[in-house]
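*Asks:* Next up is a structure, given as structure tokens.
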Amino acid sequence: MTEKDFLPGVYQKLLDNGKVTWKAPSNIALVKYWGKKPVQIPANPSISFTLDACATTTSVLFEKKDNNKALSFDLLFEGQPKDDFKPKIHTFLERVEKYVPFLKEYHFIIETSNSFPHSSGIASSASGMAALSMCLMDIERQLNPAMDDALFHAKASFLARLGSGSACRSIKSSLVQWGAHQNIPNSSDLYGVEYPFEVDSVFKSYCDTILLVHKGQKQISSTVGHQLMHGHPYAKNRFQQAFDNLDKLKSILASGNLKEFITVVESEALTLHAMMMTSMPYFMLMKPDTLEIINKIWQYREATKTPVCFTLDAGANVHLLYPEADKEKVLDFIKDELIEHCENGQYIHDRVGSGAIKINA
Ligand code: PMV
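In this text, residue positions in the sequence shown follow this note's numbering: the first is 1, and each later residue adds one.
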């Protein structure tokens, strides 16, 4: 599908008002997206596990307005008005208005809440933008009931990408690939697609325990981090590495070769942070406890041969990835050795999920 496919025709129906609610999960990238071109086009392809427990639930109430065609909305976060979130949502709505022109016909009340604790250091932009995009597409489908499921999901992912790049991987299915790659059929820079190749059953119930190392505000936002890949001395090689890692993952995901899976995933996490440390200006988001945890994971893996590994987002928290079959052992390891490195001993158990769901009133 191309950008033109996302421009709607004339709406078939008119609605005066209504309410839709969707819950969308967060995701954790195995091959990372870091660096982009305007507008929200990734410099390299990426792939992620969709999560299950970490999610945002968003309701959108819409009410037809009179002649005022300016965008208008109220925003409630966890039941309270949240004006500091408004500029980001406003920019998003302005950006997508061309593709969902009904936006100017209605006044919206957007109510949103997260399943994970507020200020846990877990980015809510992926799940938040995905949930809001699903709501917008639900409204559009009510105005245009002939829309098929393939367009509905691709366009939801397309809209979510315009809000936050990685959000396009939080719409549908458990392993999502985003970014054009010559060896991945139907891959696109515009939206995420279900990973089209064989995936071993071990990955279908993979666990992700998120160790909350640092819950404060990041010193450098992802937006700035992506920008710093322009003119970055290692950018070209890094982007090529991501393409190559997606190729490598094909046989790894099909066979369930966990040793090789771990190598790709940990290398991707450390490369992401190496890019940050070699940007100009340089910065570092890992904390001493992030490194303590990584070292303990390596020691534990060496000693017990348990296939547990880590990955990192753009922050200090550590995602511990492991097969469901090893859950009991790994939970003991976390309690015995890792909790002491978490802020207030906090961590969140999550696992591979399957995408956004509609919540019926
Ligand atoms: O979606 P953004 O712009 O917040 O970028 C997220 C980038 C990483 O989380 C660091 C990697 C990824 O692919 O999710």
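Idealized CB from N, CA, C, for every residue including glycine.
1. For the stretch 208-216 against the stretch 306-322, are there 3 or more C-beta pairs whose distance is under 8 Å?
2. Please determine whether the Cβ atom of L321 lies at a distance below 7 Å from any heavy atom of ligand 1.
3. From the DSSP output, which residues share a beta bridge with I109?
4. Just verifying my parser: in three-state terms, what is the DSSP assignment at W22?
5. Out of G353, G128, Y322, Y191, which one is the CA nearest neighbour of L75?
6. Have a look at F243, M277, S354 and flag the residue whose alpha-carbon is nearest the alpha-carbon of I220.
7. Short check: CB of A242 to CB of V199, under 8 Å?
8. By the 10 Å Cβ neighbour count, where 16 or more other Cβ atoms means buried, how is P38 classified, buried or exposed?
9. So G353 and D52 are supposed to be a Cβ contact under 8 Å. How far apart are they, rounded?
10. If you draw a straight line from the C-alpha of H90 to the C-alpha of F102, how long is it?
11. If you follow the alpha helix (DSSP H) that I210 is part of, which residue opens it and which one closes it?
12. Which one or two residues does DSSP pair with P50 in a beta bridge?
13. How is the beta strand (DSSP E) around G192 delimited, first residue to last?
14. What would DSSP say about D313, mapped onto helix, strand or coil?
15. Measure how close the beta-carbons of W34 and M229 come, nearest whole angstrom, since I'm counting them as under 8 Å.
16. Apply the 10 Å Cβ neighbour rule to A167 and answer buried if 16 or more other Cβ atoms are within range, or exposed otherwise.
17. With DSSP as the reference, label H90 as helix, strand or coil.
18. Could you pull the DSSP bridge partners for Y347 from this structure?
19. Sorted by chain position, which residues of the same chain lie with C-beta nearer than 7 Å to C342's C-beta, five sequence neighbours on each side aside?
*Replies:* If we stick to the structure as given:
1. yes
2. With a cut-off of 7 Å, the C-beta of L321 is classified as distant from ligand 1, since no heavy atom of the ligand falls inside that distance.
3. L61, D74
4. If DSSP states are grouped into helix, strand and coil, W22 belongs with the strands.
5. G128
6. M277
7. Contact: no.
8. exposed
9. Contact flag correct, Cβ pair sits at about 3 Å.
10. 15 Å
11. Not the alpha helix (DSSP H): I210 falls in the beta strand (DSSP E), residues 207-211.
12. According to the sequence shown, residue 50 is Thr rather than Pro. According to DSSP, which records beta bridges pairwise, T50 is partnered with N27.
13. 192-194
14. coil
15. 6 Å
16. buried
17. When secondary structure is reduced to three states using DSSP, H90 falls in the helix class.
18. L211
19. L211, L212, V213
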